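Comments concern the structure below.
Numbering (our numbering), first residue to last: 80 to 290.
Here it is in structure tokens:
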């Protein structure tokens, strides 16, 4: 079966965007572009997408940060390879694979996200409201974190001890796992990073040229 490397690249870019945001929150205390986080949070509630890109608003520019990060991680960007970000996306893909193997956890995740959708009405549809982010963070702690080794986030201690930053990091990790699930659904495998890296890199370059 022929794999659609454009879909695989989009899903990987979304995972990399989550990894980049985690680093930004941990080191800076904020996301450089709030919309980078917003589109990832919204993706958590898209359950019947028309396409892979429709999960992210049918707009590649919403994943610009992730595409740039993915290019660098694959060795084709202008930026140098960031091993910290690399550790995050590898961990997110690993957690998503563990989630896929746990029907009980998947059911629990679906139920909790359905609750989020109902709660969203109380906040006028603003998934970036502080309480909504806190609720998403709780899902990560309750459902995803027990699946494997905890992701050790590095950064400035002044930021890492703040509950609001911790919540943003966990909510972002949840969205990263969601992107990892998508990556698997569209045919992404770890072997591709070894044996089909050039194909994935070329596809990522094509996405970048569209931006």
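Even for Gly, the Cβ is constructed at its ideal location relative to N, Cα and C. On a predicted model such as this, the values are computed, not experimentally measured, just so you know.
Enclosing alpha helix (DSSP H) for residue i [first to last residue]
i: residue 83; result: Unbroken run through residue 83: none, as it is neither H nor E.
i: residue 258; result: 242-264
i: residue 218; result: 209-218
i: residue 117; result: 113-122
i: residue 164; result: 162-179
i: residue 273; result: 271-274
Residue environment, residue i, which counts as buried when at least 16 other CB atoms sit within 10 Å
i: residue 87; result: buried
i: residue 270; result: exposed
i: residue 228; result: exposed
i: residue 123; result: buried
i: residue 92; result: buried
i: residue 257; result: buried
i: residue 131; result: buried
i: residue 288; result: exposed
i: residue 221; result: exposed
i: residue 180; result: exposed
i: residue 113; result: exposed
i: residue 253; result: buried
i: residue 193; result: exposed
i: residue 104; result: buried
i: residue 204; result: exposed
i: residue 290; result: exposed
i: residue 214; result: buried
Backbone secondary structure at residue i - three-state DSSP
i: residue 147; result: helix
i: residue 232; result: coil
i: residue 288; result: helix
i: residue 110; result: coil
i: residue 126; result: coil
i: residue 203; result: coil
i: residue 140; result: helix
i: residue 131; result: coil
i: residue 153; result: coil
i: residue 268; result: coil
Anticipated Cβ contact below 8 Å, residue i with residue j, distance rounded
i: residue 94; j: residue 262; result: 6 Å
i: residue 212; j: residue 247; result: 6 Å
i: residue 100; j: residue 251; result: 5 Å
i: residue 165; j: residue 152; result: 6 Å
i: residue 84; j: residue 279; result: 6 Å
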